[in-house]
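Number 998 in my numbering belongs to position 202 of the sequence shown; there are no gaps in the numbering.
Don't be surprised by glycine CBs; every beta carbon is placed ideally from N, CA and C.
Values in this document were obtained by computation on a predicted structure and should not be read as measured data.
Below you'll find the structure, written out as structure tokens, and then a few comments.
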Amino acid sequence: MHHIFHQPQFGEDWFTYPEVYQQMVNRFPSGSKFVEIGSWKGKSSAFMCVEIANSGKQIDFFCIDTFEGSVEHQNNPELPYLYNIFKNNMKPLEGYYEDMRMPSMEAVQKFENESLDFVFIDGSHEYEDIKDDIISWLPKVKRGGVLAGHDYYLPPQPTSWGLRNSSILNDINYYYNTNKGNAYKAVKETLGVEDRKSTRLNSSHLKLSRMPSSA
Ligand SMILES: C[S@@+](CC[C@H](N)C(=O)[O-])C[C@H]1O[C@@H](n2cnc3c(N)ncnc32)[C@H](O)[C@@H]1O
């Protein structure tokens, strides 16, 4: 199946992390469960669906979004149509995803603890919301699973952060630049990790007390 995420109907170019999604599909076996928080018009979601389809693996993929936009989108004239735009864009990929049209904090309650292999946070970019997302979704990630997110740093190099929920190094790279996003502060405060110039995150930086599955 060919990728469609670059087609114009998918809109804004916020999806800077295809390699993260690719790595996750390669890493996890059939039967895995993935969650994306923040799907907008489906650009990142469509990429993930095609990667899953082409892998031949049975991976359940949940797209969580209020489809009401984030704080910074409230003047966007397309907001009232966002859900329809998403659904239309994702039509060729039906069967490869399930959308959950609700706030992240409501969706999280629908998942069992330690039931998810990969959770990617790209929803609200408000500092308190990112913290809530990290704290609430982390217990849902299986041991050996990955919790990651976007906008750790802001443009010109928007980058992703990621941690593997185990004692092994994760392999999501992220790069040094000085334009730190709210996610940077939220990751530091909740997980106790901080970037040190182009290094990889090492789970020895984790505040393990925050990770029930590692207890
Ligand atoms: C930056 S966009 C996602 C972009 C998308 N991942 C992409 O690469 O194209 C953020 C999305 O998060 C959604 N959102 C914001 N706050 C949310 C919340 N509390 N719960 C669920 N979704 C939320 C917004 O509706 C918006 O569609």
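The criterion of a C-beta distance shorter than 8 Å is not satisfied by Ser-932 and Ile-926. Straight-line measurement puts the Cα of Ile-917 at about 21 Å from the Cα of Asn-885.
Here Glu-922 carries a coil assignment [DSSP, helix/strand/coil].
In terms of side-chain proximity, the C-beta atom of Gly-945 is found no nearer than 7 Å to any non-hydrogen atom of ligand 1. By DSSP's assignment, Val-915 forms a beta bridge with Val-831, Leu-943. The C-beta of Pro-935 has 16 or more other C-beta atoms within 10 Å across all chains shown, which makes the residue buried. Rounded to the nearest whole angstrom, the CA to CA distance from Asp-928 to Val-983 is 11 Å. With respect to the C-alpha of Val-937, the residue from Lys-829, Val-867, Met-896 having the closest C-alpha is Lys-829. The closest heavy atom of ligand 1 lies 7 Å or more from the beta carbon of Phe-907. Proximity annotation: ligand 1 has residues Trp-810, Phe-811, Gly-834, Trp-836, Lys-839, Ser-840, Asp-861, Thr-862, Gly-865, Ser-866, Pro-899, Ser-900, Asp-918, Gly-919, Ser-920 in chain order, each selected because its CB is closer than 5 Å to a heavy atom of the ligand.
Within the stretch 844-907, complete beta strand (DSSP E) segments of at least 3 residues are found at 856-861, 894-897, given in chain order.
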